[in-house]
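J.: Going by this note's numbering, the letters in the sequence shown line up with residues 474 to 862, in that order. For glycine and all other residues, C-beta sits at the position ideal for the given N, C-alpha and C.
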Amino acid sequence: MKKTFFSLAVALALAGPACAQWTVQVPESEFVTVSGGVTNTNLNAIANAGGGVFFVANNINGNAGAGPRNIMKVDTNQPPGSRVTLVTSDTLLAAAIGVANGAQADPAATAIRIQALGVNSNGKLIAFLDGSGMQSALLAIEPNSPFNISVLCCDSPTFPVSPIEGGNGMVMAGNTAYLLCDGGFGNPDGDCIKSVDTSTLVNDGSKAATLAVTEATLLAATGDTAANDSINDMKLLSGNNYVAINSGATGSNDNVITVNPVAGTASLLVNATDLEADLGSTDVGYNSVAVDGAGRVWLANMFGTPSNASGDDGVLILSNIVPPNASTALESEGKIFANAGGTDAFIGADGMVYDSVTNRVYVASDGTGNSGLMYIVASTADVPDWTLY
Numbered sequence: 474m475k476k477t478f479f480s481l482a483v484a485l486a487l488a489g490p491a492c493a494q495w496t497v498q499v500p501e502s503e504f505v506t507v508s509g510g511v512t513n514t515n516l517n518a519i520a521n522a523g524g525g526v527f528f529v530a531n532n533i534n535g536n537a538g539a540g541p542r543n544i545m546k547v548d549t550n551q552p553p554g555s556r557v558t559l560v561t562s563d564t565l566l567a568a569a570i571g572v573a574n575g576a577q578a579d580p581a582a583t584a585i586r587i588q589a590l591g592v593n594s595n596g597k598l599i600a601f602l603d604g605s606g607m608q609s610a611l612l613a614i615e616p617n618s619p620f621n622i623s624v625l626c627c628d629s630p631t632f633p634v635s636p637i638e639g640g641n642g643m644v645m646a647g648n649t650a651y652l653l654c655d656g657g658f659g660n661p662d663g664d665c666i667k668s669v670d671t672s673t674l675v676n677d678g679s680k681a682a683t684l685a686v687t688e689a690t691l692l693a694a695t696g697d698t699a700a701n702d703s704i705n706d707m708k709l710l711s712g713n714n715y716v717a718i719n720s721g722a723t724g725s726n727d728n729v730i731t732v733n734p735v736a737g738t739a740s741l742l743v744n745a746t747d748l749e750a751d752l753g754s755t756d757v758g759y760n761s762v763a764v765d766g767a768g769r770v771w772l773a774n775m776f777g778t779p780s781n782a783s784g785d786d787g788v789l790i791l792s793n794i795v796p797p798n799a800s801t802a803l804e805s806e807g808k809i810f811a812n813a814g815g816t817d818a819f820i821g822a823d824g825m826v827y828d829s830v831t832n833r834v835y836v837a838s839d840g841t842g843n844s845g846l847m848y849i850v851a852s853t854a855d856v857p858d859w860t861l862y
């Protein structure tokens, strides 16, 4: 834990950027129109296609219950009312997987949950599907109408038990998809990171998934047990190094680690106890991660204890990182919904992404009264909460 002390002159000099606001760019109402009239769209995953275009997904009823579960394209360059387009639905996704997996019963392809989205170097939208009791699959989707679907990996006659089972999240590196898999949810290699080449497409679920980072390597980095270790999101830091969060299970220790999936290595970046000490909190729990242009790590802290407490829920910003410590600032949940409206704030799993052109951190928000596409300018001089210093 490192505290930073500022003189009054420096504080006054930085006072302007410290007031960065959360802004809803595309409100929930525009998503409702293409989501079957469902009033709570439950946005969770987001991918940045560049040029003001994003892909988002929603998961109605979380891990259980009926959909709709859709993928939508958001073009922020268009006028309100014309910015959101339906890419595909749970019905179409299930039909595509059902053909590819030969009607395998492990599990039925009708169960769909969209865990993560990304865009590869070829411009294809890549979607990672999984969830409790649901079909595991990796799909490539054409980014423009008619949005054709190719099933790259799934439970199939070729792989009766999917090598990408237990999917928590995904990050794209060019045409390589790095899949965050959980042994507790059935992955045959335990808690691990798999890589899949998406440069060429198949439609039978037979794409090979290669073990990139082993369970033993991840456990050594997080310091967690196999039962509790669960990497649920990962974003690029620099080179081949990524920041990953260990918060996918109730008992996860919430440590933040660095992963190099090319070298197959991992190491501790920041101890969760250090962040908790900065915040005066007893527990943190992250839903998604982003890295801004200044190298700061942003964590959507949606599962702190006590739940929805203004003291730690919201977005954590880590700077001055010297493993295993960092300086931690908080964009509180209270500030987020005060800026964006509503009565609470919730950023979905894999729901946060940085856009280097606009220097904005975008989130797929599922907050009450502020669901939609939301952003904050990630100024390098921004000090989000002066009460921490």
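With residue 505 as the anchor, note down where its alpha helix (DSSP H) starts and where it stops.
T.: 501 to 505
J.: Roughly how many whole angstroms lie between the Cα atoms of residue 822 and residue 845?
T.: 14 Å
J.: Please state whether DSSP places residue 828 in a helix, a strand or coil.
T.: strand
J.: By DSSP, does residue 674 sit in helix, in strand, or in coil?
T.: coil
J.: State the DSSP-derived secondary structure class of residue 774, mapped to helix, strand or coil.
T.: strand
J.: Cα-Cα, which of 730, 667 and 681 is closest to residue 696?
T.: 730
J.: Return the chain-ordered ranges of every beta strand (DSSP E) run that is complete within the stretch 689 to 764 and spans a minimum of 3 residues.
T.: Segments of the beta strand (DSSP E) lying fully in the stretch 689 to 764: 704 to 711, 714 to 719, 729 to 733, 738 to 743 and 759 to 764.
J.: Sort out for me which residues DSSP pairs residue 643 with in a bridge.
T.: The partner list for residue 643 (beta bridge, DSSP) reads 652.
J.: Give me whichever residues DSSP pairs with residue 846 in a beta bridge.
T.: 499 and 837
J.: Quick one: Cα of residue 665 to Cα of residue 719, how far?
T.: 12 Å
J.: Under the DSSP definition of a beta bridge, which residues are partnered with residue 804?
T.: Looking at the DSSP assignment, residue 804 forms a beta bridge with 788.
J.: According to DSSP, which residues form a beta bridge with residue 546?
T.: Secondary-structure assignment with DSSP links residue 546 through a beta bridge to 528 and 558.
J.: Judging by CA-CA distance, which residue of 827, 620 and 654 is the nearest neighbour of residue 850?
T.: 827
J.: For residue 693 versus residue 734, is the C-beta spacing smaller than 7 Å?
T.: no
J.: Look up residue 683 in the DSSP assignment and give the residues it is bridged to.
T.: Beta-bridge pairing links residue 683 to 668.
J.: Using the C-alpha atoms, what's the distance from residue 788 back to residue 711?
T.: 22 Å
J.: With three or more C-beta pairs closer than 8 Å as the rule, is the stretch 804 to 822 touching the stretch 748 to 759?
T.: no
J.: Compare the Cα-Cα distances from residue 546 to each of 563, 620 and 595 and report the closest residue.
T.: Looking from the CA of residue 546, the closest CA among 563, 620 and 595 belongs to 620.
J.: In the DSSP assignment, what are the bridge partners of residue 601?
T.: According to DSSP, residue pairing for residue 601 in a beta bridge involves 589 and 611.
J.: If residue 775 sits next to residue 820, beta carbons under 8 Å apart, how far is it from one beta carbon to the other, in whole angstroms?
T.: 6 Å
J.: Going by the beta-carbon positions, is the gap between residue 590 and residue 518 smaller than 7 Å?
T.: yes
J.: Between residue 663 and residue 652, which are expected to be in contact by the criterion C-beta below 8 Å, what is the C-beta distance as a whole number of angstroms?
T.: Not quite, the Cβ-Cβ distance comes to about 13 Å (not below 8 Å), so this is no contact.
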